[in-house]
């Protein structure tokens, strides 16, 4: 680091992975002695934000000068290089704005005021063609940027290493981006469209380098739906062998329970076992059909049986409460988990239960959000019903935080 004051830069770019990090941006600006509101910053630095939590940029429109929509690997680098070519004395706010405005992946609230509202002179939007036809106003669409080939997206081969104990103490390689499933609640599944895969050769090459460069004893195959990778069996077998030769444990993120083959589990069992995680979201088949997660209970129990036979003693499940059109969630979740515990004696079960948050630009964006007091009551009932089974460990996210997240996710500039 150069220890240069943040206020001396021409441009500061921040990634916004969650709505709950909005206040972190404001805190950073305050610490850097940079005015919080964009209108109070007549010169530089310009504050540019990107990431999945600006899929709806309006809540931050008064504080951020420009939003990069989409994935940064290709166009963002080109834009930065073009900005750097503007000679320092002439590198004004207006000139950088004019450069940004040539790109359909950058939204500038100052130049596109009322961008998502019909009262503007020109109608700027991320979609909404029907409204434009009705009003007869000019349409300017913003298109998210993304690399067409994931092999061209760089992998951090020398990531920063912590000097203290951390939660995610592992190295990783992103094997695919996006998801072919399009679950109706999932913002990431829509933000990272289209679905793209890194080639097996590229994954193996990058993975070997990262494992050697970091010294971590756990390697993660990263992606929204790893088991949907087109060559998943070959991938798991290859990377299990590579990791095993280095004494590294291979771990997988949340898996789709009906796509994990027996040979995949056999390959994983060669190395030191990490727990397997399954995001089934809701215990009933009707609920999973509603959210477009077509998994049957028979497939769930069949997969757990395979997991047990291949030596695993721990599985983890993700659930959500507050999903639309579902009731009696406390009873259904508790009964489902107790049935698994009874069917598979000795199996340890970790459970994460989150509150459903409607996210913009998803099919469930207008769904009703469960009030925090009701969510607390549902979670308390689940924990009480499972209190007698020590093999089931429940972790929950505070519904009060989910309430704030929902408020910000669906908010506007007003």
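In the numbering used here, the protein residues as written are 683 to 1096. All residues carry an ideal CB built from backbone N, CA and C; glycine is no exception. These numbers were taken from a predicted model, which means no experiment stands behind them.
DSSP places residue 866 outside both helix and strand once states are collapsed to three, so it counts as coil.
Of the residues 933, 977, 1067, 759, the one whose Cα lies closest to the Cα of residue 1021 is 1067. Using a Cβ distance threshold of 9 Å, residue 1045 and residue 894 do not count as a contacting pair.
Between the stretch 844–856 and the stretch 775–788, the count of Cβ pairs shorter than 8 Å is below three; the stretches do not touch. By the neighbour-count criterion, in which 16 or more other beta carbons inside 10 Å mark a residue as buried, residue 1043 falls on the exposed side. Under the three-pair Cβ rule at 8 Å, the stretch 977–985 counts as touching the stretch 931–940. Judged by DSSP in its simplified three-state form, residue 718 adopts coil rather than helix or strand. DSSP places residue 1094 in the coil class of the three-state scheme, outside both helix and strand.
In the structure shown, residue 695 falls within a strand segment according to DSSP collapsed to helix, strand and coil. Here the alpha carbons of residue 856 and residue 1029 stand approximately 30 Å from one another. In the three-state reduction of the DSSP assignment, residue 875 falls in the coil class, being assigned neither a helical nor a strand state. For residue 1037, the pairing in a beta bridge is given by DSSP as 1003.
Ranked by Cα distance from residue 881, the first of 686, 769, 831, 739 is 831. Under the three-state reduction of DSSP output, residue 750 falls in the strand class. Membership of residue 962 in any alpha helix (DSSP H) is not indicated; the residue belongs instead to the beta strand (DSSP E) covering 958–963. Annotation for residue 791: 743 place their beta carbon closer than 6 Å to its own, counting only its chain and skipping 5 residues before and after.
The three-state reading of DSSP puts residue 986 in helix, counting H, G and I together. Looking at 700, 771, 964, the one whose alpha-carbon comes closest to that of residue 1091 is 700.
Here the alpha carbon of residue 729 sits roughly 12 Å from the alpha carbon of residue 714.
If you check the CB distance, residue 902 and residue 876 do not come in under 9 Å.
Beta-bridge analysis with DSSP links residue 905 to no other residue. For residue 931, the enclosing beta strand (DSSP E) covers residues 931–933.
Going by C-alpha positions, residue 907 is about 14 Å away from residue 977. Assignment of beta-bridge partners to residue 1088 by DSSP yields no partner. One Cα belongs to residue 1093, the other to residue 696, and the distance between them is close to 20 Å. With distances taken between CA atoms, residue 1096 lies nearest to 745 out of 717, 835, 745. Under the three-state reduction of DSSP output, residue 860 falls in the coil class, being neither helix nor strand. Here residue 738 is buried, its C-beta having at least 16 other C-beta atoms within 10 Å. Residue 1082 and residue 1060 have their C-alpha atoms spaced approximately 13 Å apart. Straight through space, the alpha carbons of residue 1064 and residue 1013 are spaced by roughly 7 Å. Judged by DSSP secondary structure, residue 1078 falls outside any alpha helix (DSSP H) and instead within the beta strand (DSSP E) spanning 1074–1078. If you draw a straight line from the Cα of residue 927 to the Cα of residue 884, it comes to about 19 Å.
With 16 or more other CB atoms across the displayed protein chains lying within 10 angstroms of its CB, residue 747 is buried. Assignment of residue 972 by DSSP, reduced to helix, strand and coil, places it in the helix class.
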